[in-house]
Amino acid sequence: MSTTRPRFDPTRVPHLLGSFAPVSEQVDIADLEVTGELPAALDGLYLRNGPNPRFTPIGSYLYPIDGDGMLHGVRLSAGRARYRNRFVRTPAMEAEERAGRALWGGLESMIMPDAGEVGPELAATFKDLPDINVVRHAGRLLALAESACPFRVDAALETVGREDFGGALPAGITAHPKIDPVTGEMVVFCYGLEPPYLTWSVIAPDGTVSRGPTPVEGVDEPMMIHDMALTARYAVLVLAPAFFDLDAAMAGGSFLDWRPERGTRVVLLPRDGGPPRWAADEAFWMWHTVNAYDENQAEDAPVVLDYVQWSRLTVGGSASDAAQPLSGGLARARIDPASGSMARTLLDDSRVEFPRVDDRRLGRRHRHAALATDTGRAGLLPGEYDAIRWYDTETGAARVWTAGNLSVGEPVYAPEPGRESDESGYWLTFATDRTDQSSWFLVIPAQDPSSGPVARVRIPVRVPLGLHGCWLPTEP
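The sequence shown begins at 1248 in the numbering used here and counts up one residue at a time.
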């Protein structure tokens, strides 16, 4: 535990300013102003999570790792919209509220309060950060953290408490679980700083844990793995050479060490419990998968993985790492489980992130992928985008909607009820105007996305740029 707070000026951290600046007010506002027309077929809740420090950070702040979670929801029904936001209330946040200030520093500073400040249960512990994603499974609405226990919230977005799945998953799960739309299972993984360094698990459609934490053989060091993919046969994990180094962090260095000489490995974990299948290649970093699928029905059929590829780690790391040129784009890896070989192809070299497909296609062959992208406009920060790009995996063609002065977030697909095509629905996202900091909820038609939104909903308060979300159709 560090007792000396390093010099840190939050007013000079770009990701605490402008469109990223946190908000503190919790509101519930009905009958929002709509420009255009909300599709009558959309009835449900668009929900998005993101880092939003409750108090001014101390010690350090690293986007997108640090920050308390805040959920932002837009409920659509009968062509009308309502907005509600709520903090994900963790024990650490409640302790800070009692103190009236931040007590935990960012992960890079390793500042933790002592028992005199927060009591013995919270003393010298890392802060819960359920600020990355949100999903609904088996009736549970979960705000998700980076390999830790999620926090359950209710339909009004009020926090219920930490979710460890009846004690079966005490170490937690990934921020990016994958729900199989065919079986209803939710497949998860969790990495740790101590052995076992990587486990995977399965949560059944009824919410019970059908496969408890299963160690992945061949992982003998703590490393960061942000996302995963799923096929009908496998859970797919990409192990880039980003290793945790707590000794360096305690000495004032980076808690993540990029070791490109180690290369990047991909492991296919058979969902039937068979032995892992490994493949390896030169080093690359990956935040997010698009989707994966088995190429055919044959035994040992190759796995196709679409993902966003970066040439190096884009967070933490050393100054020399950051000085290396950065390139990337939408990529495809074809992994042969029989030979252990992997072939990678760059499909589109545009600067993109936050990829999504129609969630009904997860684990099966997809055609369209939507991604946040930029137009090359000067002044955009890492994690900030001013356009949305739709890529057609069959033709290789791309369609783009340029958002002008708006900074847009991750696009999420909302299908029209009863329609199976991924072009018979709408892409949803929040956006913030960089000129006046006004925020909007956008509804973009999948049939002709480059035409832009059919509806723009004015959010009366600013919604900070954030991370991941979902569309939750109203359940009968």
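Idealized CB from N, CA, C, for every residue including glycine.
Where residue i sits in the DSSP three-state scheme
i	result
H1216	With the chain running from 1248 to 1723 in the structure shown, residue 1216 is simply not present.
E1344	helix
D1695	coil
M1470	strand
F1267	helix
P1286	coil
E1272	coil
S1558	coil
R1709	coil
M1248	Only weak support exists for where M1248 lies, its pLDDT of 43 falling under 50; the value from the coordinates is given anyway. If DSSP states are grouped into helix, strand and coil, M1248 belongs with coil.
A1569	helix
A1496	helix
E1600	strand
D1547	coil
D1605	coil
P1723	coil
P1462	strand
A1418	coil
A1339	helix
DSSP bridge partner residues for residue i (one or two, in chain order)
i	result
G1408	R1399
F1334	M1317
F1255	Note: F1255 sits in no beta bridge, so no partner.
A1476	V1483
M1359	None; M1359 has no bridge partner.
P1298	G1316
M1589	I1582
K1425	V1434
P1507	Bridge partners of P1507: none, in fact.
S1324	R1327
I1450	M1433, V1456
R1383	L1388
T1620	V1599, A1634
Residues of its chain near residue i, where Cβ-Cβ distance is below 8 Å and the 5 sequence neighbours each way are ignored
i	result
V1647	T1620, A1634, I1635, R1636, W1637, S1697
E1284	G1326, V1701, A1702
P1658	F1601, R1603, A1617, L1618, A1619, I1635, W1674, L1675, T1676, I1691
S1671	P1662, E1663, A1693, Q1694
A1495	S1501, F1502, D1504
Contacting residues, own chain, Cβ-Cβ under 6 Å from residue i (five flanking each side not counted)
i	result
T1640	R1614
W1557	W1532, G1575
P1462	P1443, T1446
S1249	Note on S1249: pLDDT 42, under 50, position unreliable in the model; the coordinate value appears next. Here the set comprises M1357, I1358.
I1450	M1433, V1456
T1258	none
A1362	A1370
A1479	D1541, G1610
D1492	D1504
CB contact flag (residue i, residue j, <9 Å)
i	j	result
A1628	P1261	The question names Ala, but residue 1628 is Leu in the sequence shown. Their beta carbons are under 9 Å apart, which means L1628 touches P1261 by this criterion.
A1390	G1316	yes
T1592	R1579	yes
V1562	P1311	yes
A1678	S1686	yes
E1508	A1530	yes
R1301	S1266	no
K1704	A1328	With the sequence shown as reference, residue 1704 is identified as Val, and Lys is not the correct amino acid for it. Yes, the Cβ-Cβ distance between V1704 and A1328 is below 9 Å.
G1656	G1716	yes
G1610	D1427	yes
V1550	I1582	yes
G1291	W1718	yes
V1335	V1400	yes
V1274	R1331	yes
A1418	N1380	no
R1295	G1713	yes
C1396	D1375	yes
L1477	A1539	yes
P1469	E1441	yes
D1605	D1669	yes
Spatial neighbours of residue i in its chain, beta-carbon cut-off 7 Å, leaving aside the 5 residues before and after
i	result
D1547	P1584, A1585
V1710	H1319, F1677, T1679, S1686
E1464	P1523
G1459	A1415, S1448
A1339	W1351, L1369, K1374, D1375
9 Å Cβ cutoff, residue i in contact with chain B
i	result
M1533	Looking for chain B here will not work: only one protein chain is present.
Segment contact, 8 Å Cβ cut-off, at least three pairs: the stretch 1495 to 1506 with the stretch 1555 to 1569: Result yes; three or more Cβ-Cβ pairs closer than 8 Å.
Cβ contact check for the stretch 1446 to 1457 and the stretch 1364 to 1382: 3 or more pairs under 8 Å: no
Inter-stretch contact at 8 Å, needing at least 3 Cβ pairs: the stretch 1451 to 1459 / the stretch 1578 to 1596: no
Cβ contact check for the stretch 1346 to 1358 and the stretch 1324 to 1336: 3 or more pairs under 8 Å: no
Three-pair Cβ contact test at 8 Å for the stretch 1305 to 1313 versus the stretch 1661 to 1669: no
Inter-stretch contact at 8 Å, needing at least 3 Cβ pairs: the stretch 1407 to 1425 / the stretch 1344 to 1353: no
Stretch-stretch touch, CB-based, cutoff 8 Å, three pairs: the stretch 1400 to 1407 with the stretch 1419 to 1435: no
Given 8 Å, three or more beta-carbon pairs between the stretch 1470 to 1488 and the stretch 1511 to 1522: yes
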